[in-house]
Amino acid sequence: MKLKKEFEDFYKCIRIDSETQNLIDKREILEDEIKNKFPNIMEKHDIELNKSDIRMIDQGSYKYNTTIKSKVVDRDVAVMIPLDISKNSDPRKIKKYLKEAINIPVRSVSIKEPCVRAAYYEKEVEWLHIDLPLYAKDNGTIYLARGKENSDKYSWEEADPDGLNDDLCEKINGNNQLRRIICYIKKWKNEVYSNSNRDHEVPPSIGLTYLACDCFFKQTSEEGDDDLLALQKTMNAIKNKFFCINNIEGEITSADISRELPVPPYTDIFKKMRDSSSSYMITFYKRLSIAVNNLTNAINVESEHDAAEYVQKVLGTEFVVPEKEAVVATTQNKKEHSFG
Amino acid sequence: MDNKITIRELLETYDSIIVNQVYTEDIVMFKLFEKDFLIIGPLKKDLSSKAQIYLYNDEGTDYPHVVLKDIDINKESMLPIGKYRGICLYEHESVIQSLFSYEEKIIDIIDRLIKLLSMTKTEQEREFQREFLYYWNSATDLQNIDIYLKQDIKFTKLEKYCRKKTTRYVESNIELTDINNCDTRGNRIWQRHIETEAFFIPIIDKREILPPYRNHSWTIENIKEIIYGKQINHISADTYFQLKNKIVSTQNIIIVFAMRELKTKVCFAVMVKCKNGKKRTLFDKIYKDGIDIVLFNVERKDYLYLNEIIGNDSIFYNKKVLLVGGGSLGSYVAPELVENGASNIVIYDEDKLEDENKMRWRFGGWSVGLNKAEILGFFLERFHPQVHVECHKNNLDEASLELELQNVDLIIFTIGNSDEQLKFNRLLNKLNCKIPVFFVWLEAGGMYSHILVVNYKKQGCFECLYTNKDGKLVNNRATLNTEIQTENNILRNGCGGTRAAYGTSILLRTVSVLLNTIQKIFLGNIKENILIDISSEMVSYPDDIIPMKGCNCCGNRK
Ligand SMILES: [Zn+2]
Ligand SMILES: [Zn+2]
């Protein structure tokens, strides 16, 4: 099997398989502060909130166990409170109260469109942010607080964070090759989008995760799992899900892909990306096509060395290229060891 | 050798290389990836000589394998004035240079240099970690400490002992046989020190832990990242909670780290200097009060490590062995047990060593007249302070055997006396012995020796050898010498005593088969009781001698 050990080493190299103690401590302190201070601030604004009614929901890659190493650690923990949203129709206000509850100098707190973000810095460099989506539970229905602090676009959007967690955990848990493929695809995304910082330019992780689940091809043989083949087949299947239009010269003039959330609000995960700029989707498609080509070449070339060079173009330099077989053969014949 | 192609010509075949200056045919300065290098060709007369490459006037480069020290050339010579740093492109003795031609040597070293300079960050991290100790030890001021661990996977407290310039850190539950030794005046050699507490912390994830190297020396921040990583848990949750619970009240703390998953285990240590000697948790002492560190060079001296480093099977480690008989054969078996991982030995023998046996007794040199069990104990314990030997200056009897059976993991008989062995065999059978028993004996003449492995839950025992098909007792049926051969090989000393003639080669090969057999037993590769015949020609496993159905000892067993 080609590049089995290289993929194993690569996975070990990029993988974060547990939350660090450091992160746990920061998260727990933050959670305690929310529970202790948020009700008081709400009370000042005549909104009743009991400490015991605040629920924290673990979310994101740490929850599905698909975290990879990154420049900034990204942790998602949702805050759910009971709230009458007809009386409190402006979610921006509630998000501001949440921000107020946790705004102390050790972290810098800001309001993002879908969440409140607590960012941590060391030597003026951000190394961690904990994103806190805020959910209101009203009459058995759950709503996500959307809207930036001063934006006139805001809403309480129906949501089902537990349902989403259950759906993804059920798909991924117990399927280690799928978990690895998701991590590889996320790593690929980090590589090809490393210079992107415009809103919605980058395909969202949750979208890639769902596409990977939908298109996953398990590849295994007597020698074990063949991650190279599985990755190539899965990414190729994602590529084939795109709807593309070419002009007469054969250039792509439009590309589109969608994936609906399996839970309320059942919206398309890629909607924002599509609505922001038509070029974003074309770029996404083109970059994916390049990756598929490189992986296909990796499968087709004979030598491990050449194959790994193609894979490295997709997954980055953490994927180590083994020496050329010819080199290994000549020096290996002339190697020796001392027996002390 | 035909040397028509010069270094210059070889270098010019590379697109990325520009030749700056040719000093002699064998010494050339060239530019590669914006850096200047000096290559010195291998000596043409010496086949084993290799080419060498130096980085010229470059302080900033901190690739792995670029040696840390400069060679200064400040006088006018053939070479330009400046600083030269050697680049270590070959592991010691890893390539047989003599098999390469002059030309191949040049091409090989240039290829290696290009590979080194094209390394990705991940490859560099691997190389730095592979050579971790080289960098670590270069960064310490040769301050050595010796470490004795019983295990290297769990957090543990260490005790500090000093003797002149030697310092030992010993895992709390290890007993070292020499730690209470006194000098001739009766003073303790090793002093226990309590002014610095010491701990062992295993690193379970070594990613991003690079050794100190040029422009990257270690500070307290490196230690903080190890115990409280941001993105990576370098230590286990268990270790973390131990750090959070352990209370420390000394101002300085020694921390010994171990990294695994490398070809060899890597150990290194730091002294964390705290701002005061206040009582706090170990975690807080390091994370909150730690202000500075001092690097120490660590040598692991423990028995576990010394076994592992030579590839001994861990299966033998921590096993306690009862060795019955410290004669010639026993004296060769005992040290091999110790050298193969068994550090707990119990020996029974009442004999004293005589001159006539000293040529085939393992430590015969100056031990004549002393008890054999005691001499063995003395030498084995000097082998390593974690070796413990219980010496009994008497022969094993039935009562002692019954007692020992409670404490040991295997029994080896090297006594050769049939009556005694038949007696013990019966007793072991009666006591339902649950541990493997090895009967090892030599025939006279130095030709044949035998090993009988008995698991008393199975058919076949020592008495089977002395039982015929009719259930009658006969002489040892495993014997391969003829009657005449045996008689010829007995030397009589004139007063009724006898001595069989044999030298050490039979002892060595018997011990060697015994070691392999013990290993097979513990690995579960031997399922039935077996007899082994050993000669200088071959090792064979006759299957027609045991078990014997009519054996009065094991014959009735299921
Ligand atoms: Zn080196
Ligand atoms: Zn028997």
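Going down the list, the sequences are from chains A and B. One point on numbering: in this note's numbering, the residue at position 199 of the first sequence is 202, and numbering is uninterrupted. One point on numbering: in this note's numbering, the residue at position 338 of the second sequence is 465, and numbering is uninterrupted. Backbone N, C-alpha and C fix where the C-beta goes; we use that ideal spot for every residue, glycine too.
Exercise. How about residue 556(B) and residue 583(B): do their beta carbons lie closer than 8 angstroms?
Worked result: Taking 8 angstroms as the Cβ cut-off, residue 556(B) and residue 583(B) qualify as a contacting pair.
For this session: Specify the secondary structure class of residue 190(B) as computed by DSSP and reduced to three states.
Result: Three-state DSSP puts residue 190(B) in coil, outside helix and strand.
Problem set entry | Own chain, CB closer than 6 angstroms to residue 170(B), minus 5 neighbours either side, in chain order | Exclusion of the five residues before and after residue 170(B) leaves 176 as the residues of its chain whose Cβ lies within less than 6 angstroms of its Cβ.
Problem set entry | Minimum Cβ-Cβ distance from residue 249(B) to chain A less than 8 angstroms | True, the Cβ-Cβ gap to chain A drops below 8 angstroms.
Problem set entry | 8 angstroms Cβ cutoff, residue 171(B) in contact with chain A | Using a CB distance cut-off of 8 angstroms, residue 171(B) does not count as an interface residue toward chain A.
For this session: Along the alpha helix (DSSP H) that carries residue 209(B), what are the first and last residues, could you check?
Result: Going by DSSP, residue 209(B) is part of no alpha helix (DSSP H) but of the beta strand (DSSP E) stretching over 209-214.
For this session: For the alpha helix (DSSP H) holding residue 35(A), just list the boundary residues, first then last.
Result: For residue 35(A), the enclosing alpha helix (DSSP H) has its first and last residue at 24-47.
For this session: Could you please tell me which residues of the stretch 354-385 of chain B, in chain order, have their CB closer than 8 angstroms to any CB of chain A?
Result: So the list reads 355, 356, 357, 358, 359, 360, 364 and 367, given in the order they occur along the chain.
For this session: Report all residues from its chain with a CB closer than 6 angstroms to the CB of residue 168(B); omit the five preceding and five following residues, and keep chain order.
Result: If we look at residue 168(B) and ignore the five residues flanking it on each side, its Cβ neighbours are 134, 153 and 178.
For this session: Show which residues of chain C have a CB atom less than 9 angstroms away from the CB atom of residue 334(B).
Result: Reference to chain C is not applicable here, since the protein chains of this structure are A and B.
For this session: For the alpha helix (DSSP H) containing residue 548(B), list its first residue and its last residue.
Result: In the DSSP assignment, residue 548(B) falls within the alpha helix (DSSP H) that extends over 545-557.
Exercise. Just how far apart, CA to CA, sit residue 231(A) and residue 302(A)?
Worked result: Straight across, the Cα-Cα distance linking residue 231(A) with residue 302(A) is about 8 angstroms.
Problem set entry | Cβ-heavy atom distance, residue 486(B) to ligand 2, below 7 angstroms | Not a single heavy atom of ligand 2 lies less than 7 angstroms from the C-beta of residue 486(B).
For this session: Please report the residue range of the beta strand (DSSP E) in which residue 111(A) lies.
Result: Per DSSP, the unbroken beta strand (DSSP E) holding residue 111(A) starts and ends at 111-114.
Problem set entry | Alpha-carbon to alpha-carbon, residue 286(A) and residue 224(A) | So the alpha carbons of these two residues sit roughly 35 angstroms apart.
Exercise. Where does residue 681(B) fall in DSSP's three states?
Worked result: Coil.
Problem set entry | 7 angstroms Cβ shell around residue 267(A) - same chain, five flanking residues per side excluded | These residues qualify, in order along the chain: 161, 162 and 163.
Exercise. Relative to chain B, which residues along the stretch 63-96 of chain A have a C-beta separation below 7 angstroms, given in chain order?
Worked result: The stretch 63-96 of chain A vs chain B, Cβ under 7 angstroms: 72 and 76.
Exercise. Going by the CB atoms, is the gap between residue 273(A) and residue 262(A) shorter than 8 angstroms?
Worked result: Yes, these two residues count as a Cβ contact at 8 angstroms.
Problem set entry | Where the alpha helix (DSSP H) through residue 308(A) begins and ends | Residue 308(A): member of the alpha helix (DSSP H) spanning 307-318, first to last residue.
Problem set entry | Candidates 21(A), 60(A), 45(A) and 317(A), of which the one nearest residue 193(A) by Cα | The residue with the shortest Cα to Cα distance from residue 193(A) is 317(A).
For this session: Under 7 angstroms Cβ to Cβ from residue 535(B), same chain only, skipping five residues before and after it: list those, please.
Result: Here residue 535(B) has 447, 448, 449, 473 and 562 as same chain residues with Cβ atoms under 7 angstroms from its own Cβ, once five neighbours each way along the sequence are excluded.
For this session: At 9 angstroms on the CB atoms, spell out the chain B contacts of residue 323(A), in chain order.
Result: In chain order: 247, 249, 250 and 253.
Exercise. Can you list the residues of chain B that residue 130(A) reaches, using a CB-CB cut of under 7 angstroms?
Worked result: Residues of chain B with a Cβ closer than 7 angstroms to the Cβ of residue 130(A) are, in chain order, 357.
For this session: State the DSSP-derived secondary structure class of residue 103(A), mapped to helix, strand or coil.
Result: Of the three classes helix, strand and coil, the one that applies to residue 103(A) here is helix, per DSSP.
Problem set entry | Cutoff 7 angstroms; reference residue 191(B); Cβ partners in own chain excluding five residues on either side | Correct list, in chain order: 251, 254, 255 and 258.
Exercise. Given that a residue counts as buried once 16 or more other Cβ atoms are within 10 Å of its Cβ, and exposed if not, what is residue 124(A)?
Worked result: An exposed status is given to residue 124(A), since fewer than 16 other beta-carbon atoms sit within 10 Å of its beta-carbon.
Exercise. What residues match up with residue 287(B) in a beta bridge as DSSP calls it?
Worked result: DSSP output for residue 287(B) lists 296(B) and 320(B) as bridge partner(s).
For this session: For the stretch 320-358 of chain B, list the alpha helix (DSSP H) runs that are entirely contained and at least 4 residues long, ordered along the chain.
Result: Taking 4 residues as the minimum length, the alpha helix (DSSP H) runs contained wholly in the stretch 320-358 of chain B are 347-354, in order along the chain.
Problem set entry | Spatially closest choice to residue 347(B) from 322(B), 415(B), 385(B) and 273(B), by CA coordinates | Checked all of 322(B), 415(B), 385(B) and 273(B); the closest Cα to residue 347(B) is 415(B).
Exercise. Just how far apart, CA to CA, sit residue 566(B) and residue 479(B)?
Worked result: Put simply, the backbone Cα of residue 566(B) is about 22 angstroms away from that of residue 479(B).
For this session: Take residue 519(B) as the anchor and find which of 512(B), 504(B), 513(B) and 511(B) has the nearest alpha-carbon.
Result: If we check each option's Cα against that of residue 519(B), 504(B) comes out closest.
Problem set entry | Those runs of the alpha helix (DSSP H) which lie wholly inside the stretch 64-150 of chain A and span at least 4 residues | Those alpha helix (DSSP H) runs which fall completely within the stretch 64-150 of chain A and span 4+ residues are 94-105.
Problem set entry | Any chain B beta carbon closer than 8 angstroms to residue 114(A) | The beta-carbon of residue 114(A) is placed no less than 8 angstroms from the nearest beta-carbon of chain B.
Problem set entry | Within 5 angstroms of ligand 2: residues by beta-carbon to any heavy atom | Per the Cβ criterion, the list is 588(B), 590(B), 591(B), 678(B), 680(B) and 681(B).
Problem set entry | Those residues which DSSP pairs with residue 577(B) across a bridge | Beta-bridge pairing links residue 577(B) to 568(B) and 660(B).
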